[in-house]
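A short worksheet on the structure shown next.
2 protein chains.
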Amino acid sequence: MGIPRFLRHFCVFPKLTTTIQHQPRGIPERLSPSCGSNMHFHNWLNGLYQCLSKPSGRTTQLTCGSLSRSLVLSSHRRNPEFSSFVARTNTCGELRSSHLGQEVTLCGWIQYRRQNIFLVLRDFHGLVQVVIPQDESAVKKILCEAPVESVVQVSGTVISRPPGQENPKMPTGEIEIKVKSAKLLNSCKKLPFEIKDFVKKTEALRLKYRFLDLRSFQMQYNLRLRSQMVMKMREYLCNLHGFVDIETPTLFKRTPGGAKEFVIPSREPGKFYSLPQSPQQFKQLLMVGGLDRYFQVARCYRDEGSRPDRQPEFTQIDIEMSFVDQTGIRSLIEGLLQYSWPSDKDPVVVPFPSMTFAEALATYGTDKPDIRFGMKIVDISDVFRNTEVKFLQDALSKPEGSIKAICIPDGTKYLKKKDIESITKFATDYSDQEVLPVFLKANRNWNSPVVKFIKDEQKLELIRLMEIQEEDMVLLTAGEHKKACALLGKLRLECADLLEARGVLLRDPTLLSFLWVVDFPLFLPKEENPGELESAHHPFTAPHTSDIHLLYTEPEKVRSQHYDLVLNGNEIGGGSIRIHDAKLQHYILATLLKEDVKLLSHLLQALDCGAPPHGGIALGLDRLICLVTGAPSIRDVIAFPKSFRGHDLMSNAPDSVPPEELKPYHIQVLWPKDTEA
Amino acid sequence: MGIPRFLRHFCVFPKLTTTIQHQPRGIPERLSPSCGSNMHFHNWLNGLYQCLSKPSGRTTQLTCGSLSRSLVLSSHRRNPEFSSFVARTNTCGELRSSHLGQEVTLCGWIQYRRQNIFLVLRDFHGLVQVVIPQDESAVKKILCEAPVESVVQVSGTVISRPPGQENPKMPTGEIEIKVKSAKLLNSCKKLPFEIKDFVKKTEALRLKYRFLDLRSFQMQYNLRLRSQMVMKMREYLCNLHGFVDIETPTLFKRTPGGAKEFVIPSREPGKFYSLPQSPQQFKQLLMVGGLDRYFQVARCYRDEGSRPDRQPEFTQIDIEMSFVDQTGIRSLIEGLLQYSWPSDKDPVVVPFPSMTFAEALATYGTDKPDIRFGMKIVDISDVFRNTEVKFLQDALSKPEGSIKAICIPDGTKYLKKKDIESITKFATDYSDQEVLPVFLKANRNWNSPVVKFIKDEQKLELIRLMEIQEEDMVLLTAGEHKKACALLGKLRLECADLLEARGVLLRDPTLLSFLWVVDFPLFLPKEENPGELESAHHPFTAPHTSDIHLLYTEPEKVRSQHYDLVLNGNEIGGGSIRIHDAKLQHYILATLLKEDVKLLSHLLQALDCGAPPHGGIALGLDRLICLVTGAPSIRDVIAFPKSFRGHDLMSNAPDSVPPEELKPYHIQVLWPKDTEA
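Protein chains in written order, with our numbering: chain A, 43 to 719; chain B, 43 to 719.
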């Protein structure tokens, strides 16, 4: 739901990231694959493999010597052989003094050349300096004439750099390569733009030339870390806990209410497959089939048009278990994240705290609270029970009416007049004037249009209730409980942005604040028709056992066995215990949700054939990796992402298809009227 | 290409499979999830986890005692915890005498009940006997009244069976469970057919009720083995050799000549995504992007209508490397298969032999020879240079004309008249009478319509050339080289079927005959227009280095750097070294293949930006697992396969979609004329 706030804020505070070693945060150099200042290239790679190699919570025994020897890529603690089967003996980044005298063959891209004497060669592993032999004219010609970003193979000896010429900033800075032979593997004919300019290019240009953008440190780091984390998740699930990795179809049929599903015409007239939004039905059917511990790194599809930071296809770590309850799923996931988390980050502390949906809404105004900082919402209705302020009176007199407030620490110090105007405008835009924010300054001179109507004892009570300090600022609003909370939840994050833009540290991006949010409502009133109900999540979610009786009397009050996993204010996963009783499932589908039961007859039938109790969860992998790497967008952790508008800017997908290729599928394009004229 | 012959033959010889321990081959019991004779259920599971646990080529040190202790699921050699996080303490199949006295909680399905005294409980791990307490009326009621296939939870003590009542055939046969409490987790209300009848049900019924079919031993075994093998492949690629697992998009644009690609309408009028047949372009672009060791367990899509043993979506182990040659890829794959192969099978012996395409065609009449048995094609043209037989004379006088033969050992003994008629008919049907088979009996009385025209010295020469023994039968044909070979290649397999149907062992299914086939032609004449060329595989395949000059003079003679991996006559993989030179790629696309280069402009541009030399391969996972498990069809190694006609018989996909749901995609159904009338 909504914009990933954490990511936006993250960019505001690059300085906060310097506590993380070996990993370039922010994006200053990501777009310059060939600029000369990339000596810390080694560092991040070194850091990447080191941090990923350590089983969580333990120390790695790194052998000194060559980098490749110290790369331990999984709990196997066996060194991956990066140069097996190929035409190099070593990677560019791994050579050290311990290799002195060794004959090596390297393959890489020409990073830059200095006065036709030195050449710096790059691969994914790092940079190495190559001495261009001045007396071997053929070799010299190759190495001096090949344009930057050309691919060459060089063979030679690892030698010491002359005294005084070592480069301590460069992991390979003590050595260089005395070349005996060289081969131009491919000349870089033309780059689509000057490399220097590339830094300033838009994301659109990066996406169009993704094959070049992938050469950047950040993309290499992100994609390699993603691969490693997923591998460790697989080890945890498959090897440690006996889960079975099962692939489920992506050519499926539309699900009830599946308005966001892509359709795929088949060769039968009028018959379409759909690309499922998740393997939900399949994983439940696997439980019925006795495959009682399922997982899949599942590709899912959602046609959401141009919602920011969404992709039409995305990946989730999809999990389902039989004979499990909420506690079991939570422990499993806590262990999974702890096991797979890169060890250069703060270790994942388990168990994660949990909070009910009602509490999250009342305290943070959202179902995905960022609990790294305070500024909690406080209900101050009681302070104003006897208020004379008209709009507060009005609010309290209505059903669910309330007065709420948040306290912004040092708000009067950091927030300027235009900030307050922007907050007011945001509140007005957001809440359509149904709720009205009020500003109070909590210093000696309370400062607000309504302050004169607030009695002294009310002020004292507010200071007590909200622990208001000098220079704090209070945002107050009145209205229906949920709306008032939701608005203050938004304002809380808005204000955090503003404070951080002023240099106040509120949300430490190195902190991992995991949180379970539980006890969601099972149903919500339909937006278009509030008299009817729709599933808050999906119709297979089991009701809270203690609320089952309410299903037949006040279904809108039933809480569900759904749970969300939140990390620093981002929803990174969600799941539930499912309904395994066919009669209950039928009642909810047919009677409460008024869905066409026929579309799900196979599932209802399956539940009647000895379906075990079961539950599961799905983690959004793209978002999770985004948070782990500190990438500003999920597009930075996906090799070939689509643009905001769902386009592949590199290949130009989607594209026109000639009518004759549509014929076998019995469809034709229905051109919009306005383009026909 | 064509029908997976191995699989057909496999079913003919269940007796050959008895050498494989712990794994039920054939299908006699696969369709009876609840029949009472499934005591070897334990065995296969035991075997499965044991065989998968051993690193190839080494012996596993299994600890005695409980099965769960001896389950070592990967090279980690750490026991997976099958009962972590869930409401059981143990699986049904793991209990032994060593557990005597333990308090256990089990969850499972009621397999059967004997006289309301015993109940056999089943989970994926095996069966266990539960004693129904006669004096606890509540517990007794639950356990006696729950229908078969209901799900129950029982808690109790592991006790010895009374002397004489042990069941040595049952791994848990020494113990039983003295139940203290029981809970009916879900009653099996109705099964869609009588379990007894299920055995005889068609595959269509199995697919319709897949959630029940998955409970069968065979499906559990196949899917669990698949998961384990893929996990070991990942360990090999990712942990041992530094490959990066990268997900590539499945919403792409159509590729030139991509007539078999599903189209997906987008929300832009007339613009469509395509589901790619493989990540070919993406993996090459990753190489350009410096991600020099890529792999992915990739979902691919091909709309082939109703070709047997194909699925509209399938999975391949997709691999690409930079700076590699054919030898490197071959070694990588040989190591991969050796590492991941289940250790209860014969170990994979490397390196695999290799054979040129020309040799495979000349000797076996196919590009995927089954080299487990002889009956090779012999060119006997020279024997008949001076023949008086008219049709042989005619054949030899034509370009590429030849006379070929295969020798069927003991053919006269095993092949009956009707077999010969059926072979003749097959040959006539297959070759459209362009080539004519001739039957000779190689015993004292040569027996064939044309035998009188064959001179004695010709007979002697044939016997010498083809090493004909008494009672052998020779199949002879004359015609253009390729056609003659292709026909005899088919007849060779036909005859092998016939001989094996008579009980002759020709193709040992436990034998693993891997074979590399290399040096394919780069181009083939187009079927519809033989004057033009098309790629034999795909347009990115690099030409053989020694044939490059022919590209500009006689392109049809150019051999490619493509290679296929064949196992027992099945193509299980294929790949190539790719073109990394933009000019060469452009020449082949535009000049030789006359493709629209614009559709691939991004790839051509990428090649010009410093593309490293690279190559790769894709293994067909479904087919591979099929061969490893001995399953008769790839539908038996896929959890939710489509039918022959591409239908999901369980959910009824593809399905109708209301016109209003098509509107956002700007398409409408074009109903065929004949249904409009």
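Each residue gets a CB set at the ideal place from its N, CA and C atoms; glycine is no exception.
{"Check": "Whether B/F127 touches A/V330 by CB criterion (8 Å)", "Outcome": "no"}
{"Check": "Which of helix, strand or coil DSSP assigns to A/Q260", "Outcome": "helix"}
{"Check": "Cβ neighbour criterion (16 or more within 10 Å) applied to B/D177", "Outcome": "exposed"}
{"Check": "Range covered by the beta strand (DSSP E) that runs through A/T408", "Outcome": "Taken as a continuous stretch (DSSP letters only), A/T408 belongs to no beta strand (DSSP E), as it is neither H nor E."}
{"Check": "Where the beta strand (DSSP E) through B/R130 begins and ends", "Outcome": "Run containing B/R130: none; DSSP gives neither H nor E here."}
{"Check": "Closest residue to B/L33 among B/C186, B/D421, B/Q270, B/P298 (Cα-Cα distance)", "Outcome": "Lying before the first or after the last residue shown, residue 33 of chain B is absent from chain B, which here runs from 43 to 719."}
{"Check": "Validate contact between the stretch 556-572 of chain B and the stretch 509-517 of chain B using beta carbons, cut 8 Å, 3 pairs", "Outcome": "no"}
{"Check": "Inter-residue Cα distance where the pair is A/V699 and B/K313", "Outcome": "7 Å"}
{"Check": "Minimum length 3: unbroken beta strand (DSSP E) runs contained in the stretch 637-685 of chain A", "Outcome": "656-662"}
{"Check": "Short CB-CB distance (under 8 Å) between A/I306 and chain B", "Outcome": "yes"}
{"Check": "Beta-carbon spacing of B/F304, A/I306 below 8 Å", "Outcome": "yes"}
{"Check": "Ordered list of beta strand (DSSP E) runs contained in the stretch 271-341 of chain B, each at least 3 residues", "Outcome": "305-307, 313-316"}
{"Check": "Contact the stretch 384-394 of chain B vs the stretch 553-560 of chain B: 3+ CB pairs below 8 Å", "Outcome": "yes"}
{"Check": "Outcome for B/P714 when other beta-carbon atoms lying within 10 angstroms are tallied against a minimum of 16", "Outcome": "exposed"}
{"Check": "Option in B/N612, B/L607, B/V286 with minimal Cα separation from B/L535", "Outcome": "B/N612"}
{"Check": "Within chain B, partners of A/K325 - CB distance below 8 Å", "Outcome": "The contacting residues do not exist; A/K325 stays about 10 Å from chain B at best."}
{"Check": "Neighbouring residues, chain B, relative to A/K295 (Cβ below 8 Å)", "Outcome": "D690, S693, N694, A695, P696, D697"}
{"Check": "Exposure label - A/C186; buried when at least 16 CB within 10 Å", "Outcome": "exposed"}
{"Check": "Integer Cβ distance of B/Q319 from B/K302, believed to fall under 8 Å", "Outcome": "7 Å"}
{"Check": "Nearest-angstrom Cα separation, counted from B/S202 out to B/F160", "Outcome": "14 Å"}
{"Check": "Identity of the residues DSSP links to A/Y154 by a beta bridge", "Outcome": "A/V162"}
{"Check": "Close Cβ partners of B/A538 (< 6 Å) along its chain, the five nearest in sequence each way excluded", "Outcome": "L548"}
{"Check": "Touching by the beta-carbon criterion (3+ pairs, under 8 Å), the stretch 196-212 of chain A and the stretch 249-264 of chain A", "Outcome": "no"}
{"Check": "Within chain A, the residues that B/A231 reaches when beta carbons sit closer than 8 Å", "Outcome": "First, the amino acid is wrong: residue 231 of chain B is Lys here, not Ala. Chain A residues near B/K231: A624, D650, C651."}
{"Check": "Separation of B/S618 from B/T583, as counted between CA atoms", "Outcome": "6 Å"}
{"Check": "Endpoints, the alpha helix (DSSP H) within which A/H604 is located", "Outcome": "Note, A/H604: premise wrong, no alpha helix (DSSP H); beta strand (DSSP E) at 604-609."}
{"Check": "Spatially closest choice to B/T595 from B/D606, B/G616, B/I630, B/H604, by CA coordinates", "Outcome": "B/I630"}
{"Check": "Neighbour flag for A/Q380 against chain B, beta carbons, 8 Å", "Outcome": "no"}
{"Check": "Contact check, A/V221 vs A/V181, beta carbons under 8 Å", "Outcome": "yes"}
{"Check": "Chain A within 8 Å of B/N228, Cβ atoms only", "Outcome": "yes"}
{"Check": "Distance CB(A/L554)-CB(A/D388) smaller than 8 Å", "Outcome": "yes"}
{"Check": "Beta bridge counterpart(s) of A/A695 as assigned by DSSP", "Outcome": "A/D690"}
{"Check": "Residue-level contact to chain B via CB, A/L265, 8 Å cutoff", "Outcome": "yes"}
{"Check": "Three-state secondary structure (DSSP) of B/P714", "Outcome": "coil"}
{"Check": "Where the beta strand (DSSP E) through A/I217 begins and ends", "Outcome": "217-228"}
{"Check": "7 Å Cβ cut-off: residues of chain B touching A/T357", "Outcome": "E289"}
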